[in-house]
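S.K.:
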Amino acid sequence: MDKKTKILLFSIAAVVILIILIAVTPEIVRYVDENRAVAIVNGEKITKKEFTINYRSQINYYGLDKAFLSQKVGDKTYEQQIKENILDSLIIRQIELQQARKRNINLTQAEKKAIDQQIDQYKSDSQSGAEFKQYLQTIGATENEYKDQVIKSQIVSKLYAEVTKNQKVSDAEIEHYYNSHRSDFIEVKASHILLKVSDSKEEAAKKKKAEEVLRMIKDGQNFEKLAQKYSEDENTKQKGGDLGYFRKGQMVKEFEDAAFSLSIGEISSIVKTSYGFHIIKVTDRKQLTLNEVKDEIKSTIESQKKDEYYQSLLEKWKKEAKIKKFEDVLKSVSI
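Using the UniProt record's numbering, you'd call the opening residue of the sequence shown number 1 and step up by one each time.
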């Protein structure tokens with residue numbers, strides 16, 4: 001091969017390499033940038049890409065925009081506060097994943113398959129599939145990156161279950177809780193007549209109608225028959241407005257406050273809620289027995305004990321961890 005041919009081939013090769021470099025350089029730059037650390041936890045990196053996925057996911061979930069994020073509360077913007085909170089949660093999760101690894105806690109093949117099936121189910125439906133695709137684009141994640149986040153979340157759930165499994169509840173604790181919260185275990189049975197308000201323009205007319213119905217009741221007309229005639233609650237009107245039994249926390253606050261303040265047979269004044277105007281009649285009231293709510297109380301106390309114990313472990317693990325944050329990388333993340 002003569003000298004001119006060698007020079008020509010070398011030049012062609014150089015041009016090809018240059019074209020390849022020009023083509024792949026943006027991808028290389030992006031890859032390097034996304035793999036920068038926003039934090040290092042016990043020697044393990046939390047990447048900018050992973051942080052960005054979680055950050056954009058939260059921004060998307062709450063529907064926040066740049067105008068809101070730029071607002072200040074104290075000496076920080078909402079954007080700074082949200083970023084710091086998400087980074088702290090990812091640091092905690094990294095610590096949890098490390099603790100899970102120490103205990104050989106991972107997902108089974110069946111559990112991983114269930115995640116795949118759930119994703120496939122999203123994708124198979126035309127509407128949810130399009131929404132899922134749009135969601136991935138919004139948060140800047142591939143399907144595998146999304147799946148990785150789900151797997152990590154489920155591993156943490158398994159860690160929680162494993163380390164808290166010995167937190168038990170005694171009968172004495174259940175009885176003490178019942179005696180200390182007896183008012184939480186009162187049920188009232190009530191009926192109501194509802195005049196719905198779907199537009200502020202009709203509010204005055206609906207209130208006037210409710211007052212007329214209340215006068216009829218006070219004049220001695222039958223509550224149940226008036227409910228059948230005037231109530232706009234289609235689920236209860238044919239039953240004379242009967243709502244059945246309910247406890248505190250099961251109705252909107254204004255309705256609940258009124259119902260629990262009434263004696264059996266007593267009728268309320270006009271009660272306004274987000275649904276409209278109500279007239280309420282309490283038809284029964286009873287105290288649930290310890291035996292009726294024992295399982296519920298056990299579950300409540302057990303959850304509290306597990307949460308408190310797990311929180312104490314998290315504080316211990318975090319205190320022992322070596323954590324380094326990279327604020328400059330955090331600042332470079334945007335929506």
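Just so you know, even glycine gets a beta-carbon here, dropped at the ideal spot from N, CA and C. Keep in mind that this is a model prediction, so the values were computed, not measured.
Considering only C-alpha positions, which residue in the set E79, L194, L314 is nearest to F255?
M.R.: Checked all of E79, L194, L314; the closest Cα to F255 is L194.
S.K.: From what residue to what residue does the beta strand (DSSP E) around V169 run?
M.R.: Per DSSP, V169 belongs to no beta strand (DSSP E) and is neither H nor E.
S.K.: Are V163 and L313 touching if we call contact CB-CB under 8 Å?
M.R.: Yes. Within cutoff.
S.K.: Once the 5 residues before and after R285 are set aside, which same chain residues still bring their CB inside 6 Å of it?
M.R.: Correct list, in chain order: V188, I264.
S.K.: Taking just the CA atoms, how far does I95 sit from W317?
M.R.: Approximately 7 Å between the Cα atoms of the pair.
S.K.: If you count every other CB in all the chains shown that lies within 10 Å of the CB of H181, and 16 or more means buried, which is it?
M.R.: H181 is exposed by the Cβ-count criterion.
S.K.: How should H176 be labelled, buried or exposed, when 16 other C-beta atoms within 10 angstroms of its C-beta is the threshold for buried?
M.R.: The residue in question, H176, is exposed, as its Cβ has fewer than 16 Cβ neighbours within 10 Å.
S.K.: Could you have a look at A244 and say whether DSSP puts it in helix, strand or coil?
M.R.: Note that residue 244 corresponds to Gly in the displayed sequence, not to Ala. The answer is strand: DSSP assigns G244 an E or B state.
S.K.: My assumption, with CB atoms under 8 Å, is that T47 sits in contact with R56. Please give the rounded CB distance.
M.R.: At roughly 14 Å, the Cβ-Cβ gap does not stay under 8 Å, so T47 and R56 are not in contact.
S.K.: Does the stretch 88-105 come close enough to the stretch 144-156 to have 3 or more Cβ pairs within less than 8 Å?
M.R.: They touch, by the three-pair rule.
S.K.: Mark E50 as exposed unless 16 or more other C-beta atoms lie within 10 angstroms of its C-beta, in which case mark it buried.
M.R.: The residue is buried, with at least 16 neighbouring Cβ atoms inside 10 Å.
S.K.: Please classify A110 as buried or exposed, where buried requires at least 16 other C-beta atoms within 10 Å of its C-beta.
M.R.: Counting Cβ neighbours within 10 Å, A110 comes out exposed, since fewer than 16 surround it.
S.K.: Could you tell me the alpha carbon to alpha carbon distance between I323 and A39, rounded to whole angstroms?
M.R.: Between I323 and A39, the C-alpha separation is close to 7 Å.
S.K.: In angstroms with no decimal places, state the Cα-to-Cα distance between N144 and N85.
M.R.: Taking the straight line joining both Cα atoms gives about 25 Å.
S.K.: How close, in whole Å, do the beta carbons of I297 and Y178 come, if the pair is a contact with beta carbons under 8 Å?
M.R.: Contact flag correct, Cβ pair sits at about 6 Å.
S.K.: Go ahead and label I174 buried or exposed: buried means 16 or more other beta carbons lie within 10 angstroms of its beta carbon, across all protein chains shown.
M.R.: When all chains shown are included, I174 counts as buried.
S.K.: With I280 and A190 assumed to form a contact (beta carbons below 8 Å), what rounded beta-carbon distance in angstroms separates them?
M.R.: With a Cβ gap of about 6 Å, I280 and A190 count as contacting.
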